[in-house]
Every structure is written in C-alpha cells, then in structure tokens.
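Colleague: Supplied in structure tokens, the structure appears directly below.
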C-alpha cells in the first residue's frame, strides 16, 4: 500500500468526507484493514491511518502498563483523541466535531497521500503554505537525504 497525491474535497453537512477512490483502491482489507483511524498528527494535522496498519504500529511500540511517565502521558493524549472512521458505501468517513474543530477543518479540505497514511489540512491553510513549500524543497530534500543516509549507514 502506498498513498500518493493531493485531493481537495468538501465536508458535507453531516461531517462526512469522501475518500478518493484512488486512495481507497490501494487498501488491502486483509493487510491494511477496512476503515480508518483518525488521530492527531505530529505537524498539527489530522491523520488517517488504515486500521490494521495503525494497530500494528501501535503494538510494535510495546506495552506501557507501568512504562515511562512521558510515554504514559503521550499515550493518554494521543489514543484518547483517536477515533475509528468507518467507510460508508459511498466511500465517505464521518469525522467527529471535536477533531474537526481542533484542526480547523471545515468546508474545503485537502487530503494528502503520505506513504502509509493520509493527512487532512484545511484547503486555505495548504494554499497559504504553498510558497513556503516551494522555496524550501531543496533544503528539505538535502536534510531528508542526510537522515536516510545516517539511518542506513551509507551514502546516497
């Protein structure tokens, strides 16, 4: 599964967002799941993870029954805000008002395919950040390349 692309869709009056067919088609229900989990993202965006992918990543981080205080506080803040979003027969998900409000999502929303998950951002915010993204692309590539090289121990 590889989520790619940028799509602009509108929330309807029932707080439903259509997930583009191009994104739904890459999901394998037996591997990735049949619905999404909406969770706060690291960059102040709302992220959508295929449910089985999300569960695997969550379990891979190990248990924290008596774990570190910082991890316990993070898990409380993170998982308590998560929400299962079933995909209806029209390919839409319903996003809770509390998450829409927290991330300033209303009306037109941009859905970004970001490798193994989706990110939702207000269309106006995405457009306002466009020039900054364009001007910082070269530096971002350089930094990402450095990080990947340090993780793999080799040059690229």
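In the working numbering, the protein residues as written are -15 to 140.
All C-beta atoms, glycine included, are put in the ideal place defined by N, C-alpha and C.
Using a Cβ-Cβ cut-off of 6 angstroms (strictly less than) and excluding sequence neighbours within five positions of residue 141, which residues of its own chain qualify?
Modeller: One cannot answer for residue 141 here, as it falls past the ends of the chain, which runs -15 to 140.
Colleague: Quick one, are the C-beta atoms of residue 77 and residue 20 less than 7 angstroms apart?
Modeller: In the chain shown, residue 77 corresponds to position 93, counting from 1. In the chain shown, residue 20 corresponds to position 36, counting from 1. Their beta carbons are under 7 angstroms apart, which means residue 77 touches residue 20 by this criterion.
Colleague: Can you give the beta carbon distance from residue 93 to residue 7, rounded, assuming they're within the 8 angstroms contact cut?
Modeller: Locating residue 93 in the chain shown gives position 109, where the first residue counts as 1. Locating residue 7 in the chain shown gives position 23, where the first residue counts as 1. Going by Cβ atoms, the distance from residue 93 to residue 7 rounds to 13 angstroms, so no, they are not a contact pair.
Colleague: Could you give the uninterrupted runs of the beta strand (DSSP E) lying entirely in the stretch 42 to 114, keeping only those of 3 residues or more?
Modeller: Qualifying beta strand (DSSP E) stretches, in chain order: 67 to 70, 76 to 78, 92 to 98 and 101 to 106.
Colleague: Spatial neighbours of residue 31 within its chain, please: C-beta separation below 6 angstroms, excluding the five flanking residues on both sides.
Modeller: To locate residue 31, count along the chain shown from 1; it is residue 47. Closer than 6 angstroms at the Cβ level, and outside the excluded window around residue 31, lie 23, 25, 101 and 103.
Colleague: Pull up the DSSP beta-bridge partners for residue -6, would you.
Modeller: Start at 1 with the first residue of the chain shown, and residue -6 comes out as number 10. Looking at the DSSP assignment, residue -6 forms a beta bridge with 92.
Colleague: By DSSP's criteria, residue 21 is part of a beta bridge. Which residues make up the other side?
Modeller: On the chain shown, position 37 is the one that residue 21 refers to. Partner(s): 33 and 68.
Colleague: Leaving out the 5 sequence neighbours to the left and right, which residues in its chain are closer than 8 angstroms to residue 81 when beta-carbon positions are compared?
Modeller: The residue given as residue 81 occupies position 97 in the chain shown. Around residue 81: -1.
Colleague: If you compare alpha carbons, which of 16, 88 and 83 is closest to residue -15?
Modeller: As a first step, residue -15 must be located in the chain shown, where it is residue number 1. The shortest C-alpha separation from residue -15 is found at 16.
Colleague: Run through DSSP, which three-state label would residue -12 get?
Modeller: Here the question's residue -12 lines up with position 4 in the chain shown. Coil.
Colleague: Do the CB positions of residue 29 and residue 105 come within less than 7 angstroms of each other?
Modeller: Residue mapping note: residue 29 aligns to position 45 of the chain shown, counting from 1. Residue mapping note: residue 105 aligns to position 121 of the chain shown, counting from 1. Contact flag set, yes.
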